[in-house]
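See structure below.
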Amino acid sequence: MERTLVILKPDCVRKELIGEVTRRIQDAGFRIRALKMVSLSEKEAEGFYAVHEGKPFFESLIAFMTGGPCVPMVLEKENAVDDFRALIGATDPDEADEGTIRAEFADSIEQNIVHGSDSPENGRREVAYFFPEHEIAAHS
Ligand code: CMP
566 MERTLVILKP
576 DCVRKELIGE
586 VTRRIQDAGF
596 RIRALKMVSL
606 SEKEAEGFYA
616 VHEGKPFFES
626 LIAFMTGGPC
636 VPMVLEKENA
646 VDDFRALIGA
656 TDPDEADEGT
666 IRAEFADSIE
676 QNIVHGSDSP
686 ENGRREVAYF
696 FPEHEIAAHS
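This is the structure:
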């Protein structure tokens, strides 16, 4: 079964949308295999988003992601990566399809409520970044 790493971002937590977004995730057939609330250090956020280092939005993104707690989770489903990206919509909420999580709840391309891995390979890397294998449930 494919896994994807999801982060309910600090704007999602601040707006008290953890429950609403998690409900939609479960209603869409994803199984939650791991979940925790964490406050990322600058180093942790920079490591996670290392691929974006040097981009004009990088520093602002790190400030946003370290500005409050967030909720990383491991989701499992067939075709989890692509199906999750369809559920949340485009990075920029103005371009996200109607009914998607970002279209409904996100304020901006940066403060876009939720992160989802963009490939199965990155999914494996990102899952391992937040969760050692023994913290991931085999069934739930
Ligand atoms: P995410 O899917 O977590 O991957 C990288 C994040 O960088 C993205 O969601 C946004 O939060 C942010 N991001 C991507 N592009 C931009 C941009 N052009 N301006 C500001 N933030 C961006």
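With the sequence shown counted from 1, adding 565 to any position gets you our numbering.
In this text, a Cβ means the ideal position worked out from N, Cα and C, and glycines have one as well.
Linking Glu624 to Arg589 through their CA atoms gives a straight-line distance of about 30 angstroms. In the DSSP assignment, Val571 forms a beta bridge with Met638 and Gly681. Our two residues, Val639 and Leu570, have alpha carbons roughly 5 angstroms apart in a direct line. DSSP places Ile674 in the coil class of the three-state scheme, outside both helix and strand. Pro697 sits away from Asn677, with the two beta carbons spaced by 8 angstroms or more. Runs of the beta strand (DSSP E) lying entirely within the segment 578 to 619, each at least 3 residues long, are 596 to 600 in chain order. A Cβ-Cβ contact shorter than 8 angstroms links Gly654 with Ala668.
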